[in-house]
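Trainee: Before anything else, here's the structure in question.
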Amino acid sequence: MDDLPCQECVRRQTPFSFETATAVYRYHEVVRHAIIAAKYPRNTAIARELAVRLADRYRENAAIQARTVSDGSESSPLVTHVASPFWRQFRRGGVGTGSLASRFAREMNFSFGSLLETTRSVQKQALLDDAARRENVRGAFRVRRRWRKRLAGEHILLVDDVMTTGATADEISRVLLDAGAARVDLLVVARAIRDAQK
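Just add 476 to wherever you are in the sequence shown, counting from 1, and you've got the working numbering.
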């Protein structure tokens, strides 16, 4: 994707909790099928390829690289992912975006941790409007107990498959910052660009 400001983001009255959001692709049918396939253990080649594409995009994104250095931290970011409810992980036989994030971390030689857990079930975000999406995920995530005292000053890189409104990533970033993280950046496979009139 072009390194240009997203117009939906520009129109937001309240800034996101994450500092930057970077996507590899615009969301379309071919990418959708690849993302869905990558969530299942039998499709390791697809997951591996998406992780490589994420790594390539991260390396070429000067904004993230510059900000990583300018915050005063010499350490690499700690990579994490959006937590999924246990029943969803069990159904697909894997950990969804956790597999993608861990593969990306290995590709970059970054530390990886499953920092988050869900506190309750949420509706599918695709079925909701912007306000309902924000309400749907409010309070739905928390930092896992073993990580709660280990995030102070950390630069977190949150990896996800798709960003539409940013509601989920915004809520997770708020939770991570409240737990002491210094900053959160978002890296996604695809950005869904919606009709401005919707």
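Glycine is no exception: its CB is placed at the ideal position from the N, C-alpha and C atoms. From a predicted model like this one, the values you see are computed outputs, not experimental measurements.
Serine 493 by DSSP, collapsed to three states: which one?
Mentor: For the purposes of this step, residue 493 is taken as the residue at position 17 of the sequence shown. Residue state, collapsed to three classes: coil.
Trainee: Would a C-beta distance cut-off of 8 Å place alanine 666 and tyrosine 534 closer than the cut-off?
Mentor: As a working note, residue 666 is residue 190 in the sequence shown. As a working note, residue 534 is residue 58 in the sequence shown. In this structure, tyrosine 534 does not lie closer than 8 Å to alanine 666 by Cβ.
Trainee: Compute the beta-carbon to beta-carbon distance between phenylalanine 492 and leucine 530, rounded to the nearest angstrom, for a pair I have assumed lies under 8 Å.
Mentor: The sequence position of residue 492 within the sequence shown is 16, counting from 1. The sequence position of residue 530 within the sequence shown is 54, counting from 1. No, phenylalanine 492 and leucine 530 are not in contact; Cβ-Cβ is about 19 Å, not under 8 Å.
Trainee: The alpha helix (DSSP H) with histidine 504 in it runs from where to where?
Mentor: Here the question's residue 504 lines up with position 28 in the sequence shown. No alpha helix (DSSP H) contains histidine 504, which DSSP labels as neither H nor E.
Trainee: Tell me, to the nearest whole angstrom, how far the beta carbon of arginine 624 is from that of alanine 655; I am working on the premise that it is less than 8 Å.
Mentor: Reading the sequence shown from its first residue, position 148 is the one you call residue 624. Reading the sequence shown from its first residue, position 179 is the one you call residue 655. About 6 Å; that satisfies the 8 Å criterion.
Trainee: Are the beta-carbon atoms belonging to alanine 616 and glutamate 647 less than 8 Å from one another?
Mentor: Counting from one through the sequence shown, the residue named residue 616 turns up at place 140. Counting from one through the sequence shown, the residue named residue 647 turns up at place 171. Yes, the pair counts as a contact, with Cβ atoms nearer than the cut-off.
Trainee: Determine the direct distance from the alpha carbon of glutamate 593 to that of aspartate 606, and round the result to whole angstroms.
Mentor: Here the question's residue 606 lines up with position 130 in the sequence shown. Here the question's residue 593 lines up with position 117 in the sequence shown. If I take the Cα positions, the gap works out to 23 Å.
Trainee: So, are the CB atoms of valine 635 and valine 555 less than 8 Å apart?
Mentor: Taking the first residue of the sequence shown as position 1, residue 635 is located at position 159. Taking the first residue of the sequence shown as position 1, residue 555 is located at position 79. Contact: yes.
Trainee: Suppose the cutoff is 7 Å on Cβ atoms and the five residues either side in sequence are ignored; what does the same chain contact list for valine 660 look like?
Mentor: For the purposes of this step, residue 660 is taken as residue 184 along the sequence shown, with counting starting at 1. Excluding residues within five positions, the ones whose Cβ falls inside 7 Å are Ser493, Phe494, Glu495, Ile632, Leu634, Ser649, Leu652, Leu653.
Trainee: Name the residue from Ala658, Ala628, Ala608 whose alpha carbon lies nearest to the alpha carbon of alanine 643.
Mentor: Mapped onto the sequence shown, residue 643 falls at position 167. Nearest C-alpha to alanine 643: Ala608.
Trainee: Quick one: is serine 560 buried, meaning 16 or more other Cβ sit within 10 Å of its Cβ, or exposed?
Mentor: Along the sequence shown, read from residue 1 onward, the residue named residue 560 stands at position 84. So serine 560 counts as buried.
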